[in-house]
Amino acid sequence: MTFVTAGVPQVVWSANRGSPVSEGATTELTPEGDLVLRSGPGGAVLWSTGTKGRSVAGARIGSDGNLVLFDGRNATVWQSFDHPTNALLVGQSLKHGARLTANASTADWRDGRLYLAVDDDGLNAYVNATPPQRYYHLSLSETASGAYATYTNGSLTVSARPGAPPLAAIQLPTVGAGTVQYMRLEHDGHLRIYEWRSGWAPVYDVLKSATT
Numbered sequence: 001m002t003f004v005t006a007g008v009p010q011v012v013w014s015a016n017r018g019s020p021v022s023e024g025a026t027t028e029l030t031p032e033g034d035l036v037l038r039s040g041p042g043g044a045v046l047w048s049t050g051t052k053g054r055s056v057a058g059a060r061i062g063s064d065g066n067l068v069l070f071d072g073r074n075a076t077v078w079q080s081f082d083h084p085t086n087a088l089l090v091g092q093s094l095k096h097g098a099r100l101t102a103n104a105s106t107a108d109w110r111d112g113r114l115y116l117a118v119d120d121d122g123l124n125a126y127v128n129a130t131p132p133q134r135y136y137h138l139s140l141s142e143t144a145s146g147a148y149a150t151y152t153n154g155s156l157t158v159s160a161r162p163g164a165p166p167l168a169a170i171q172l173p174t175v176g177a178g179t180v181q182y183m184r185l186e187h188d189g190h191l192r193i194y195e196w197r198s199g200w201a202p203v204y205d206v207l208k209s210a211t212t
């Protein structure tokens, strides 16, 4: 899934990450309610949302960039916002137990060794090793099991639950009129915000104050 403006499209979410499909691959919303990626018409299933039998009525991509499968009552059954790869869009949350994982390199979209996660003690960035090596830590005002981080217009905020006071926050540049933003964890370990002005450009390094 990409942001398309007048410049180079920016990939902000992908299915079957790290295993590019061949020309002729297809995407299908099956009658059983599963969104699947196939190697070709009627071909092998390479990826699916796992929503077979869950009364999916349709699919849509919102103006916020969220790919949603919904039921007959318009309730969300599955959404890409719950399954981030290496990027977050404004309004998207990184939930407890999920990871934002950098690409292996600029040209290699497979999972790299660096990832960002929300743990009970804060927002942490790691090198995936045995054991994982932390290279960034944003502490919380109190320990919170199940905390999550939300990318809003102007901040990356960690909360324990919706409506609760923030446990920690990083102030970010706001999105100006006529512009769009996304943040991406990159293979060099930086979490950068990219903004569209006359072209895509990095405007902020979110993890610039690294601690351990």
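One point on numbering: in UniProt numbering, the residue at position 117 of the sequence shown is 117, and numbering is uninterrupted. The C-beta atom is built at its ideal place from N, Cα and C for all residues, glycine as well.
Can you have a look at residue i and say buried or exposed, based on whether 16 or more other CB atoms are within 10 angstroms of its CB?
i	result
ASP64	exposed
GLY15	First, the amino acid is wrong: residue 15 is Ala here, not Gly. When all chains shown are included, ALA15 counts as buried.
THR26	exposed
ASP108	exposed
ALA147	buried
ASP205	exposed
ALA210	Only weak support is given to the placement of ALA210: the predicted model assigns it a pLDDT of 49, under 50, and the question is left unresolved by the model.
ASN103	buried
ALA168	buried
THR212	Summary for THR212: the model assigns pLDDT 48, below 50, so the residue's position carries little reliability; its value from the coordinates is reported in the next sentence. Classification of THR212: exposed, given that the 10 Å Cβ count is below 16.
ARG73	exposed
THR49	buried
GLN133	exposed
State yes or no: is the C-beta of residue i within less than 8 Å of the C-beta of residue j?
i	j	result
ALA149	ALA160	no
VAL90	VAL12	no
TRP200	VAL8	yes
VAL21	THR30	no
ASP82	GLY18	no
Over what stretch of residues does the beta strand (DSSP E) that includes residue i continue unbroken?
i	result
SER48	45 to 48
THR157	155 to 159
ALA201	200 to 205
VAL68	67 to 71
LEU37	35 to 38
VAL175	Note, VAL175: premise wrong, no beta strand (DSSP E); not H, not E.
GLY58	56 to 61
ARG17	Counting along the chain, ARG17 falls outside any beta strand (DSSP E), and DSSP gives it neither H nor E.
LEU167	Careful: LEU167 lies outside any beta strand (DSSP E) and carries neither H nor E.
ARG197	Counting along the chain, ARG197 falls outside any beta strand (DSSP E), and DSSP gives it neither H nor E.
ALA25	Note, ALA25: premise wrong, no beta strand (DSSP E); not H, not E.
Problem set entry | the region 76 to 87 in contact with the region 153 to 168 per 3-pair CB rule at 8 Å | no
Exercise. Just checking, does the region 100 to 119 make contact with the region 42 to 54 on the three C-beta pairs under 8 Å criterion?
Worked result: no
For this session: Ignoring anything shorter than 3 residues or poking outside the region 75 to 137, list the beta strand (DSSP E) runs there in chain order.
Result: If we require 3 residues or more, the beta strand (DSSP E) runs fully inside the region 75 to 137 come out as 76 to 79, 87 to 89, 100 to 103, 111 to 119, 122 to 127.
Exercise. How about the region 53 to 60 and the region 124 to 136: do they share at least three Cβ pairs that are nearer than 8 Å?
Worked result: no
Exercise. Does the region 193 to 202 come close enough to the region 129 to 144 to have 3 or more Cβ pairs within less than 8 Å?
Worked result: With the cut-off at 8 Å, the region 193 to 202 and the region 129 to 144 do not touch.
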